[in-house]
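Participant: One rule links them: number in the numbering used here = place in the sequence shown (from 1) + 492. Structure below; questions to follow.
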Amino acid sequence: MRAAESGTAPGAAEAAGDAAPAGPAVPPAAPGYLAVFAVTEFRFVFVAHLFSLLGVVVSELALTVLVYDLTRSPLLSSLTFALGFLPYLLGGTLLAGLADRLPPRRILVVCDLVCAGCVALMVVPATPVAVLLVLRCAIAVVSPVFNGTRMATLADILGEGELFVLGRSLLRIVSQSALLAGFAAGGVLLTLVPPRGALVVTAATFLVSALLLRLGTARRPARAAASTGGLAGTWAVLRDRRIRALMLMFWVPPLFAVVPEALAAPYADEIGVSTAALGLLMCALPVGTIAGELFAGSFLSAGARSRIVLPLAVTGVLPYLLYAPEPGVALAAVALFLAGATGAYTLGLDARFVAAVPEERRGRAMTLMTAGMMTVQGVGMAGAGIAAEFAPVHTVVAGTGVLGTACLLAAAAELRATERRDGADRHVTSR
Numbered sequence: 493m494r495a496a497e498s499g500t501a502p503g504a505a506e507a508a509g510d511a512a513p514a515g516p517a518v519p520p521a522a523p524g525y526l527a528v529f530a531v532t533e534f535r536f537v538f539v540a541h542l543f544s545l546l547g548v549v550v551s552e553l554a555l556t557v558l559v560y561d562l563t564r565s566p567l568l569s570s571l572t573f574a575l576g577f578l579p580y581l582l583g584g585t586l587l588a589g590l591a592d593r594l595p596p597r598r599i600l601v602v603c604d605l606v607c608a609g610c611v612a613l614m615v616v617p618a619t620p621v622a623v624l625l626v627l628r629c630a631i632a633v634v635s636p637v638f639n640g641t642r643m644a645t646l647a648d649i650l651g652e653g654e655l656f657v658l659g660r661s662l663l664r665i666v667s668q669s670a671l672l673a674g675f676a677a678g679g680v681l682l683t684l685v686p687p688r689g690a691l692v693v694t695a696a697t698f699l700v701s702a703l704l705l706r707l708g709t710a711r712r713p714a715r716a717a718a719s720t721g722g723l724a725g726t727w728a729v730l731r732d733r734r735i736r737a738l739m740l741m742f743w744v745p746p747l748f749a750v751v752p753e754a755l756a757a758p759y760a761d762e763i764g765v766s767t768a769a770l771g772l773l774m775c776a777l778p779v780g781t782i783a784g785e786l787f788a789g790s791f792l793s794a795g796a797r798s799r800i801v802l803p804l805a806v807t808g809v810l811p812y813l814l815y816a817p818e819p820g821v822a823l824a825a826v827a828l829f830l831a832g833a834t835g836a837y838t839l840g841l842d843a844r845f846v847a848a849v850p851e852e853r854r855g856r857a858m859t860l861m862t863a864g865m866m867t868v869q870g871v872g873m874a875g876a877g878i879a880a881e882f883a884p885v886h887t888v889v890a891g892t893g894v895l896g897t898a899c900l901l902a903a904a905a906e907l908r909a910t911e912r913r914d915g916a917d918r919h920v921t922s923r
């Protein structure tokens, strides 16, 4: 394994782009989230994440509005938003090997520049709607490569222990917060400028992110001098039973967790509540997720976070059973908050995942993992909509609690089997 930087701030030469130094990771001097900000490179990555995330959120909203303005078609408008999920599978499967075969900083900067270029083409008034949708797909195709490479780079910057877990958690908290504030900010922006004007802002945020990553992170070589590409390389990762079991624990919970959010509007209509109540239902899950992560990262030790992984993951959708009697807004919001809070299991799971994946496959594995998480959310939303065509919404959500728990128990049993076989939460050779 390549040695990671220490928890102390690197010198100016490193931040400016010199090769990353070798040496053992040093435990943080102070516990908790503040420790990760002592690492200069992480501060650049964190701020770049803010700008990149702002670009994604605003571009999704602005492009959806633009397509509707051009076509007056609700179907095409909703398709524009859905295209943010679907190409993840393609990009994550076919392009994952790039995360190991190329220098990570180069991948991050190029992905941001590709996104900025795609958005810039969207701004051109003559761009047809079909091309707008293709450009939206292009952004979604490179997104898993960017996210997986950034996640792997965090392990280089922060080490594979406590700092990595807390750094990952902070990026997730920012992403969840974007669900609460990002679309609101985008809506305000669209009251001030037309959709194409908002897209100009989006292109600028991607460029700022690229600049921060280029100037603020160290130059590191590719993780693997040669790597199996395409589907063969993907299979080489997935046939490892231990990695496969860990990925399932990342994928199965969001597959079911998104169901109440996908059906929030129909449920609000089913119980006859206002749009303000709908907003409460939409916010409850991400608020619970943020609260759970902050508590686990701030007050629990690494050992405690590891011990709660399976209990929290397995019970993650059990609160959805509260939907069975068709509850009012308050009880439904409590159910969603509790389900979100169980997301704290990901901190302990992150530590297991980075320990299980060999460094030469880390970029590919993390790209596949993030691509899978986005894909299953799209599948879960689609499945929820189909099920709600045949059953009341509250029955669908409660049924999700039952089915999801059964699937999570099976995934947890598989993960426990790999731990018993290995005996020490480490890399396990596949059968």
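For each residue, glycine too, the CB sits at the ideal point set by N, CA and C.
1. Just reading off the alpha helix (DSSP H) that THR697 is part of, what are its end residues?
2. Which of helix, strand or coil does DSSP assign to ALA843?
3. Does DSSP classify ARG734 as helix, strand or coil?
4. Who are the Cβ neighbours of ALA737 in its own chain at under 6 angstroms, not counting the five residues just before and after it?
5. For my contact list, GLY725 and GLY589 are in at a C-beta cut-off of 8 angstroms; report their separation, rounded to the angstrom.
6. Can you tell me whether DSSP reads ARG799 as helix, strand or coil?
7. Flag this pair as yes or no: are the beta carbons of GLY872 and LEU747 separated by less than 8 angstroms?
8. Quick one: residues in its chain with C-beta nearer than 6 angstroms to the C-beta of CYS607, no 5 flanking neighbours on either side, listed in chain order?
9. As an exercise, report each continuous alpha helix (DSSP H) stretch of at least 4 residues that is fully enclosed by the segment 764-800, in chain order.
10. Alpha carbon to alpha carbon, what distance is there between ARG733 and PHE543?
11. Rounded to whole angstroms, what's the CA-CA distance from ALA527 to VAL885? Just pull it up for me.
12. Of the residues LEU895, VAL657 and ARG642, which one's Cα is nearest the Cα of ILE599?
13. At the level of alpha carbons, what is the spacing between ALA673 and CYS603?
14. Would DSSP call GLY835 helix, strand or coil?
15. Can you say whether GLU785 is buried or exposed, counting buried as having 16 or more other CB atoms within 10 angstroms of its CB?
16. If I measure Cβ to Cβ from ALA521 and keep anything under 6 angstroms in the same chain, skipping five residues before and after, which residues do I get?
17. Measure the CB-CB distance between VAL657 and LEU587 and report whether it falls below 8 angstroms.
18. How would you write the range of the alpha helix (DSSP H) that SER613 sits in, first residue to last?
19. Please determine, among ARG854, GLN869, ALA696 and VAL846, the residue with the shortest C-alpha to C-alpha distance to GLY653.
20. Ordered along the chain, which non-local residues of its own chain (more than five positions away) have a Cβ less than 7 angstroms from that of VAL559?
21. Quick one: using the 10 Å Cβ neighbour count with 16 as the cut-off for buried, is ALA903 buried or exposed?
22. What runs of the alpha helix (DSSP H), each 4 residues or longer, lie entirely inside the segment 522-569?
23. Would you call the segment 823-831 in contact with the segment 772-781, where contact means no fewer than 3 C-beta pairs closer than 8 angstroms?
24. Once the 5 residues before and after GLY896 are set aside, which same chain residues still bring their CB inside 7 angstroms of it?
25. For GLU533, count neighbouring C-beta atoms within 10 Å of its own C-beta (all shown protein chains included) and say buried if the count is 16 or more, exposed if not.
26. So, with DSSP's three-state summary, where would you put LEU755?
27. From which residue to which residue does the alpha helix (DSSP H) around PHE638 run?
28. List the endpoints of the continuous alpha helix (DSSP H) containing PRO579.
29. Ordered along the chain, which non-local residues of its own chain (more than five positions away) have a Cβ less than 7 angstroms from that of ILE735?
30. Do you know how far the Cα of THR694 is from the Cα of TRP743?
31. What is the DSSP secondary structure of PHE882, reduced to helix, strand or coil?
32. Return the residue from the list VAL611, VAL537, ALA890 and ALA530 that minimises the CA-CA distance to SER701.
33. Within a Cβ cutoff of 8 angstroms, which residues of the same chain sit near ARG844, ignoring the five residues on either side of it in sequence?
Facilitator: The relevant details are as follows:
1. Within the sequence shown, the letter at position 205 stands for residue 697. Unbroken alpha helix (DSSP H) run through THR697: 687-708.
2. Position 351 of the sequence shown holds residue 843. ALA843 falls in the helix class under three-state DSSP.
3. For the purposes of this step, residue 734 is taken as residue 242 along the sequence shown, with counting starting at 1. Helix, per DSSP.
4. Counted from its first residue, the sequence shown places residue 737 at position 245. The answer, listed in chain order, is GLU906, LEU907 and THR910.
5. The residue labelled residue 725 in the question sits at position 233 within the sequence shown. The residue labelled residue 589 in the question sits at position 97 within the sequence shown. Indeed they touch by this definition, with Cβ atoms about 5 angstroms apart.
6. The residue given as residue 799 occupies position 307 in the sequence shown. Helix, per DSSP.
7. Residue numbering aside, residue 872 sits at position 380 when the sequence shown is read from its first letter. Residue numbering aside, residue 747 sits at position 255 when the sequence shown is read from its first letter. Closer than 8 angstroms, so yes.
8. Position 115 of the sequence shown, counting from 1, holds the residue named residue 607. So the qualifying residues of the chain are ILE631 and PHE698.
9. Counting whole runs of 4 or more residues, the segment 764-800 contains the alpha helix (DSSP H) stretches 767-791 and 794-799.
10. For the purposes of this step, residue 543 is taken as the residue at position 51 of the sequence shown. For the purposes of this step, residue 733 is taken as the residue at position 241 of the sequence shown. Answer to the nearest angstrom: the Cα atoms are 37 angstroms apart.
11. As a first step, residue 527 is located in the sequence shown; it is residue number 35 there, counting from the start. As a first step, residue 885 is located in the sequence shown; it is residue number 393 there, counting from the start. Each residue's alpha carbon lies about 44 angstroms from the other.
12. The count along the sequence shown starts at 1 and reaches residue 599 at position 107. The shortest C-alpha separation from ILE599 is found at ARG642.
13. Against the sequence shown, residue 673 aligns to sequence position 181. Against the sequence shown, residue 603 aligns to sequence position 111. Spanning the two alpha carbons is a distance of roughly 25 angstroms.
14. For the purposes of this step, residue 835 is taken as the residue at position 343 of the sequence shown. In the structure shown, GLY835 sits in a helix (DSSP, three-state: H, G or I).
15. Taking the first residue of the sequence shown as position 1, residue 785 is located at position 293. Answer is buried; the Cβ neighbour count reaches 16.
16. In the sequence shown, counting from the first residue as 1, residue 521 sits at position 29. With a pLDDT of 44 at ALA521, under the threshold of 50, the predicted position of this residue should be treated as unreliable, and no value is reported.
17. Within the sequence shown, residue 657 is the residue found at index 165, counting from 1. Within the sequence shown, residue 587 is the residue found at index 95, counting from 1. It is not a contact, given that the beta carbons lie outside the stated cut-off.
18. As a position in the sequence shown, residue 613 is number 121, starting the count at 1. Per the sequence shown, the amino acid found at residue 613 is Leu instead of Ser. Here the alpha helix (DSSP H) through LEU613 covers 596-615.
19. One-based indexing of the sequence shown puts residue 653 at position 161. Nearest option by C-alpha distance: VAL846.
20. If you number the sequence shown from 1, residue 559 lands on position 67. Cβ within range, chain order: LEU568, SER569, THR572, VAL621 and LEU624.
21. Taking the sequence shown and counting its residues from 1, the one referred to as residue 903 is at position 411. Buried, since its Cβ has 16 or more Cβ neighbours within 10 Å.
22. 532-563
23. yes
24. By 1-based counting over the sequence shown, the position of residue 896 is 404. If we look at GLY896 and ignore the five residues flanking it on each side, its Cβ neighbours are PHE748 and VAL809.
25. Within the sequence shown, numbered from 1, the residue matching residue 533 stands at position 41. With 16 or more Cβ atoms within 10 Å of its Cβ, GLU533 is classed as buried.
26. Indexing the sequence shown from 1 puts residue 755 at position 263. Three-state DSSP puts LEU755 in coil, outside helix and strand.
27. Mapped onto the sequence shown, residue 638 falls at position 146. Unbroken alpha helix (DSSP H) run through PHE638: 621-650.
28. Counted from its first residue, the sequence shown places residue 579 at position 87. Note, PRO579: alpha helix (DSSP H), 579-586.
29. Translated into the one-based positions of the sequence shown, residue 735 becomes position 243. VAL729, ALA848, VAL849 and ALA857, listed in sequence order.
30. What you label residue 743 is simply residue 251 of the sequence shown in a count that begins at 1. What you label residue 694 is simply residue 202 of the sequence shown in a count that begins at 1. Those two C-alpha atoms are separated by around 29 angstroms.
31. Position 390 of the sequence shown, counting from 1, holds the residue named residue 882. The answer is coil: DSSP assigns PHE882 none of H, G, I, E or B.
32. In the sequence shown, the residue the question calls residue 701 occupies position 209. Nearest of VAL611, VAL537, ALA890 and ALA530 to SER701, Cα basis: VAL537.
33. Working through the sequence shown from its first residue, we reach residue 844 at position 352. Only LEU738, SER798, VAL801 and ASP917 meet the Cβ criterion.
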